[in-house]
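Student: Residue numbers (UniProt numbering): 1 to 743.
Mind looking over this structure? Questions follow.
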Amino acid sequence: MYRQILIDPNQRDLQRIVWKTSADAPVKVYKLSTVTYGTVFAPFLATRTLKALADEERKDFPKAADVICSDIYMDDILSGEATIEDAKKLEAQICELFLRAGFELHKWVSNSPDLLQDLSTSSYSFDKGQDAGPVKTLGMLWDPKVDCLTYEVKIKDNDSFSKREVLAEIARLYGPLGLIGPIITKAKIFIQGLWKMKLDWSAQLPPDAMKEWKRFYLKLSKVNNLKIQRYILLPGSDESGQFKTSLLCSKSRVAPLKTLTIPRLELSAALLLSRLVKKFVTILQLPIDEISLWTDSTIVLEWIKTEPHKLKTFVSNRVAEIQTLTEDRHWKHICSKQNPAGLISRGCHADELLKNDMWFSGPDLQTDELEDNQFIPDPTYVDELKCAVTLTCNGYNSEFYDELFNRTNNFTKLIRIVSFIFRFINNTKAEECRNKVSKYLTAEELRRSTELLARVAQLSEFKAEIYALKKVKDVAKTKTVTDLTTEAFIAAVKRFCARRGRIVTLMSDNASNFKGAASELNRLKKLICKTNETLANYLSSEAIQWKFIPPRSPNFGGLWEAEVKSFKHHLHRTLTNCKITIEEFETIVIQIEGILNPRPLIPLSDNINEYEVLTPGHFIIGRPITAMPEPEILDISDNRLSRWQYTTKCVQTIWKRWKTDYLNHLQQRNKWQFKKDNVRVGCLVLLKENYLPPCKRATAINLELNYGNDGKVRVVKLKTATGIFTSSISKICLLPLKGNYEN
């Protein structure tokens, strides 16, 4: 067929071949003018040419054109008619249509000897095929004598098999209609088990796997005894009125390695059935009165009858497609014992399939049983329903209050105005919900208005603080002092107390300025207590309680002392000889705070596709802390930088030093006397990248380990958000968690 299709002359340069008749002969270049077998585009060009031929000749040969468009696969045609007369007419149309394009048909096969006898008298070269046994038809074997589909499986006498050989043998089980679907499912499940073992392609199977494979493989020859009728009986009952069912096609998928609940797997099977029925009904081209779709899952039936927007995402997407392809009334329940789909979901051996009549003929059910089948709905389906969430938005109109405050500067008058507003709101309510009020404003109404005005003022001035308190967070405030003297610290405490209120407990280390401040405050407290007993009693309950950790023992400070040490270490080495203003210093300090707080603590999830880590920033603002993107200026001299650029360079210098120090701390090297465990597969690691901006860290998931001759991991395969690559063990750092190492 390919040699009868010419290529456009403008495209023939793409089909050049270089040829020499002998070693000394000159090189000749040839252009192939027809479609060439073996090229990638050849099947498409051949099929597209036949489609174009059918469209051009449809007016003269309508039936033959329909056959070419629907019953042809590459260069094979599989079609038929209800009577021999109609078949002869169709044969004549097909031959005439193809002859107009220079195609000649060969290898005719039919289940009707009369039709073949007539064809043999024509001028074409026909093959009767009646004495040759089964013939290949679209990848399957068809025996025209008995009009049955058969299979031919050849068994190799091998003592051992590799994973490559097993996959090659399974690939020979060709079943486009799924008639031997349970056998293929069994093979797929076995292949899935080999993948879990992570065997090499050429590695021999382990003894247990080899035993299981041979048990399955040696029974495959039983498939050769299988004969499946090509035709079915219409209508579905015979003269005795007995109801009959026949297998036409099937489709299945193996459950994924990712764990899914049984109801979700059943729902995926229902979706697969919906797609198969939709496609099959379209191809069948027969009038169908009723479609029944059966499942043994009552949970799935309840989901299908539920509106998709009420279900969770996984279930909702599949239910929506099922409802688009089918109707709710088509779905019915069947008990598991009578469900033939259970066989293909589990798989079976070839000898078991031949003995199973339910697979080919369906369950033994009568018509009335099918119609009156009842079941009790399973309440488990509620687990996939979305939780109903009611959101209440509380807010206030700032413009209304601003206009109200501008009307008067008399606070008493303002309180009375708000009180009358509340009274108006009360009067607009229904009579049964309305509160009884007196003629004049009461003290309770005035108190309520005063509290409202106080809340409005607080919401305007302390919005961030109120939000933090609602989220059960500390209201953190950082204050800068001009020096480290006791007087400067006391001044800072006074400013804080004047704006935020008196401090109940203050935790600090044993710095001399803190000790001096505590002594000064205690001396002031004692002086006041001697002169005024009432004030002394008040201060006894409200005064500051100062707690110190032991002198020269920063380890008692725990994590916050460790962070102070890390902060002071790099700050001192960067700003020792720098002259900066208070504003610049405060900017640098806060940016360093932003560098320390995004350090990783633990992974946020066990999912290998997620690379986020939990940081202190999540506890402060609820998400990772990020920095503004700025160009790197570490290599630019200070005299060429502005003051703002200079502070940026200081921050980048501290970031570079702290990052190196932090990663080296995570990747400590012990002497050979100490044994260190290997890294574990699936753990989250940090990558040692040299050019990451501040607050940015590269993370990856460890997928595979490569050991050295000493049994230690030397190379790892990593997965990031952008791809998979191989890296040396020296280029990664592990978070200090026990679960990151092998036992």
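By construction, the Cβ of each residue, glycine as well, lies at the ideal position given by its N, Cα and C atoms.
Quick one: using the 10 Å Cβ neighbour count with 16 as the cut-off for buried, is Glu384 buried or exposed?
Tutor: For this step, residue 384 is matched to residue 384 along the sequence shown. Classification for Glu384: buried.
Student: Let me know the secondary structure DSSP gives Leu271 once reduced to three states.
Tutor: The residue labelled residue 271 in the question sits at position 271 within the sequence shown. It is helical.
Student: At the level of alpha carbons, what is the spacing between Ile77 and Lys386?
Tutor: Start at 1 with the first residue of the sequence shown, and residue 77 comes out as number 77. Start at 1 with the first residue of the sequence shown, and residue 386 comes out as number 386. Going by the C-alpha atoms only, they are around 51 Å apart.
Student: Looking at the unbroken alpha helix (DSSP H) that takes in Val665, where does it start and where does it end?
Tutor: Against the sequence shown, residue 665 aligns to sequence position 665. According to the sequence provided, residue 665 is His. The question's Val does not apply to it. That run of the alpha helix (DSSP H) goes Arg643 to Leu666.
Student: Under the DSSP definition of a beta bridge, which residues are partnered with Pro603?
Tutor: To locate residue 603, count along the sequence shown from 1; it is residue 603. In the DSSP output, where bridge partners are listed per residue, Pro603 has Val613.
Student: Alpha carbon to alpha carbon, what distance is there between Leu705 and Tyr217?
Tutor: Your numbering for residue 217 matches position 217 in the sequence shown. Your numbering for residue 705 matches position 705 in the sequence shown. Rounded to whole angstroms, Tyr217 to Leu705 spans 34 Å at the Cα level.
Student: Tell me whether the beta-carbon of Asp232 lies closer than 8 Å to the beta-carbon of Leu248.
Tutor: Stepping through the sequence shown from its first residue, residue 232 is reached at position 232. Stepping through the sequence shown from its first residue, residue 248 is reached at position 248. Note that residue 232 corresponds to Ile in the displayed sequence, not to Asp. The answer is yes: Cβ separation under 8 Å.
Student: Using the Cα positions of Ile417 and Ile654, report the straight-line distance between them to the nearest angstrom.
Tutor: The count along the sequence shown starts at 1 and reaches residue 417 at position 417. The count along the sequence shown starts at 1 and reaches residue 654 at position 654. Taking the straight line from one Cα to the other gives about 57 Å.
Student: Can you check whether the CB of Ala350 is closer than 8 Å to the CB of Lys154?
Tutor: Stepping through the sequence shown from its first residue, residue 154 is reached at position 154. Stepping through the sequence shown from its first residue, residue 350 is reached at position 350. Cβ distance not < 8 Å, so Lys154 and Ala350 don't count as in contact.
Student: Are there three or more Cβ pairs, one per stretch, closer than 8 Å when the segment 186 to 193 is compared with the segment 345 to 363?
Tutor: Yes: the two stretches touch, three or more of their Cβ pairs being nearer than 8 Å.
Student: Go through the segment 42 to 109 residue by residue and report every complete run of the alpha helix (DSSP H) that reaches 4 residues or more, in order.
Tutor: Taking only runs of at least 4 residues, the alpha helix (DSSP H) segments lying wholly in the segment 42 to 109 are 42 to 57, 62 to 70 and 84 to 99.
Student: As an exercise, report each continuous alpha helix (DSSP H) stretch of at least 4 residues that is fully enclosed by the segment 685 to 740, in chain order.
Tutor: If we require 4 residues or more, the segment 685 to 740 turns out to have no alpha helix (DSSP H) run fully inside it.
Student: If you reduce the DSSP assignment to three classes, tell me which class Asp383 lands in.
Tutor: Taking the sequence shown and counting its residues from 1, the one referred to as residue 383 is at position 383. Here Asp383 sits in helix by DSSP.
Student: How many angstroms separate the CA atom of Gln323 from the CA atom of Ala270?
Tutor: For this step, residue 323 is matched to residue 323 along the sequence shown. For this step, residue 270 is matched to residue 270 along the sequence shown. Roughly 11 Å between the two C-alpha positions.
Student: Using CA coordinates, which residue listed in Lys413, His330 and Lys676 is at the minimum distance from Val277?
Tutor: Numbered from 1 along the sequence shown, position 277 holds the residue referred to as residue 277. Among Lys413, His330 and Lys676, the Cα nearest to that of Val277 belongs to His330.
Student: What would DSSP say about Gln285, mapped onto helix, strand or coil?
Tutor: On the sequence shown, residue 285 is found 285 positions in, with the first residue counted as 1. In this structure, Gln285 counts as coil in the three-state DSSP scheme.
Student: In three-state terms, what does DSSP make of Thr412?
Tutor: Working through the sequence shown from its first residue, we reach residue 412 at position 412. In this structure, Thr412 counts as helix in the three-state DSSP scheme.
Student: With distances taken from CA atoms, which of Ala698, Asn410, Asn577 and Thr313 is nearest Val685?
Tutor: Sequence index remark: in the sequence shown, residue 685 carries index 685 (1-based). Of Ala698, Asn410, Asn577 and Thr313, the residue nearest in Cα terms is Ala698.
Student: Apart from the five residues on each side of it in sequence, which residues of its chain come closer than 6 Å, Cβ to Cβ, to Asn435?
Tutor: Position 435 of the sequence shown holds residue 435. The answer, listed in chain order, is Asn426.
Student: What does a CB cutoff of less than 6 Å around Leu634 pick up in its chain, not counting 5 residues either side in sequence?
Tutor: If you number the sequence shown from 1, residue 634 lands on position 634. Correct list, in chain order: Gln652.
Student: Could you say which of Ile732, Phe103 and Phe314 lies nearest to Leu260 if we only look at CA atoms?
Tutor: Your numbering for residue 260 matches position 260 in the sequence shown. Here the closest residue by C-alpha is Phe314.
Student: Can you check which of these residues, Gln192, Leu663, Phe422 and Glu403, is closest to residue 746 by C-alpha distance?
Tutor: Residue coverage of the chain in this structure runs from 1 to 743, which leaves residue 746 outside it and unanswerable.
Student: For the beta strand (DSSP E) containing Trp303, name the first residue and the last one.
Tutor: Position 303 of the sequence shown, counted from the first residue, corresponds to residue 303. Per DSSP, Trp303 belongs to no beta strand (DSSP E); it is in the alpha helix (DSSP H), Thr298 to Ile304.
Student: What do you reckon, are the CB atoms on Leu575 and Cys650 nearer than 8 Å?
Tutor: Position 575 of the sequence shown, counted from the first residue, corresponds to residue 575. Position 650 of the sequence shown, counted from the first residue, corresponds to residue 650. The answer is yes: Cβ separation under 8 Å.
Student: Where does the unbroken beta strand (DSSP E) through Gln229 begin, and where does it stop?
Tutor: Stepping through the sequence shown from its first residue, residue 229 is reached at position 229. Residues Lys227 to Gln229.
Student: Can you grab the Cα-Cα spacing for the pair Glu431 / Ala457, in whole Å?
Tutor: What you label residue 431 is simply residue 431 of the sequence shown in a count that begins at 1. What you label residue 457 is simply residue 457 of the sequence shown in a count that begins at 1. If you take the alpha carbons of Glu431 and Ala457, they lie about 33 Å apart.
Student: Taking all protein chains shown into account, do 16 or more other C-beta atoms lie within 10 angstroms of the C-beta of His570, making it buried, or fewer, making it exposed?
Tutor: Counting from 1 along the sequence shown, the entry for residue 570 is found at position 570. Label assigned to His570: buried.
Student: So the alpha helix (DSSP H) Tyr217 belongs to, where does it begin and stop?
Tutor: Along the sequence shown, read from residue 1 onward, the residue named residue 217 stands at position 217. That run of the alpha helix (DSSP H) goes Pro207 to Tyr217.
Student: Looking at the ligand PLP, does it come within less than 7 Å of Lys676, judged from the CB to the closest heavy atom?
Tutor: Looking at this structure, you won't find the ligand PLP or any other ligand, since it has none at all.
Student: Tell me which residues share the same chain as Ser33 and place their Cβ nearer than 7 Å to its Cβ, disregarding the 5 neighbours each side in the sequence.
Tutor: For this step, residue 33 is matched to residue 33 along the sequence shown. If we look at Ser33 and ignore the five residues flanking it on each side, its Cβ neighbours are Leu6, Ile7 and Arg12.
Student: Taking three-plus beta-carbon pairs below 8 Å as touching, is the segment 678 to 692 in contact with the segment 723 to 736?
Tutor: Touching, yes.
Student: Between which residues of its own chain and Pro26 is the CB-CB distance below 8 Å, once the five residues before and five after are set aside?
Tutor: Looking up residue 26 in the sequence shown gives position 26. Correct list, in chain order: Lys20.
Student: In whole angstroms, what is the alpha-carbon distance linking Ala700 and Thr726?
Tutor: Locating residue 700 in the sequence shown gives position 700, counting from the first residue. Locating residue 726 in the sequence shown gives position 726, counting from the first residue. Their backbone Cα atoms lie some 11 Å apart in a straight line.
Student: Just the C-alpha distance for Asp710 and Val716, rounded to the nearest angstrom, thanks.
Tutor: Position 710 of the sequence shown holds residue 710. Position 716 of the sequence shown holds residue 716. Roughly 16 Å between the two C-alpha positions.
Student: Using a threshold of 8 Å, state whether the C-beta atoms of Ile415 and Leu446 are closer than that.
Tutor: The residue given as residue 415 occupies position 415 in the sequence shown. The residue given as residue 446 occupies position 446 in the sequence shown. It is a contact, given that the beta carbons lie within the stated cut-off.
Student: In whole angstroms, give me the CA-to-CA distance for Ile625 and Trp213.
Tutor: Counted from its first residue, the sequence shown places residue 625 at position 625. Counted from its first residue, the sequence shown places residue 213 at position 213. Approximately 54 Å, taken between the alpha carbons.
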